[in-house]
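Q: Counted from 1, the sequence shown has number 133 at position 133 by UniProt numbering; the numbering is strictly sequential.
Glycine included, C-beta positions come from ideal geometry on N, C-alpha and C.
The structure displayed is predicted, hence computed values, not measured ones.
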Amino acid sequence: MSLNQGRSYLHLQHSEYFNNPSTVFLTSMIAQTKVSLDRITSFLHLDDLQSDVIERLPKGSFGIAIEIEDENFSWDLSSPNPTLKDINLRVCRGMRVAVCGTVGSGKSSLLSCMMGEVPKISGILKLCGTKAYVAQSPWIQSGKMAENILFGKEMDRERYERVLDACYLKKDLEVLSFGDQTVIGEWGINLSGG
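1. Could you check where the alpha helix (DSSP H) with ASP180 kicks off and where it finishes?
2. What is the rounded straight-line gap between the Cα of VAL91 and the Cα of VAL183?
3. Counting only the same chain and skipping the five closest in sequence on each side, list residues whose C-beta sits under 7 Å from that of ILE54.
4. Just to confirm, is the Cβ distance from GLU71 to LEU84 under 8 Å?
5. Roughly how many whole angstroms lie between the Cα atoms of ASP38 and GLU147?
6. Starting from VAL91, follow the beta strand (DSSP E) in both directions and report where the run begins and ends.
7. Does the distance from the CB of PHE73 to the CB of LYS120 come in under 8 Å?
8. Please confirm whether GLY63 and ARG93 have their CB atoms less than 8 Å apart.
9. So ILE140 and GLY185 are in contact, right, with Cβ under 8 Å, and what is the actual spacing, rounded?
10. Just the Cα atoms here: how many angstroms apart are ALA65 and PHE43?
11. With DSSP run on the structure shown, which of helix, strand or coil describes ILE68?
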């Protein structure tokens, strides 16, 4: 088969057709990698959290889960006005607490304080047990619903049932074809944030 002008042109068109999408894809991947590296660099340059923000109480300490006394917190330590001022709060084990307020009133800042993420100016923050924070935009692993609930821990059926009750998930599981064995996340169905 001889190479003539028509075949050369056809070959060039096919080469362009197949190479162009991969160039666009490669450029996009490089840009996404740079954005990710910039975020990681920014995170690594953040100041360490204060280690003395939270006082750990031994388990079973008078039934207290969280206690805040005369706390002042500030996202910006150079500001004369603290973000949260004169906070007093006591949450006993087993209590359910709703943090309510208008937009910008400090609800998220209060929760961040309890996580030890906001610099403490003064006061006392006591915590008994472990803490967890579930953001308004939850991260769901691709996998079974049960795997997302257990998050790598061994199955303890009694505790698992308590978690389902506390999170009001039992009705959701009844609707799903395979219950807690339904695949959710990126490769499965999505769940509403509510």
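A: Looking at the atomic coordinates:
1. From DSSP, ASP180 is part of no alpha helix (DSSP H); its letter is neither H nor E.
2. 36 Å
3. GLY116, LEU125, LEU127
4. yes
5. 31 Å
6. 84 to 92
7. yes
8. yes
9. 5 Å
10. 30 Å
11. strand
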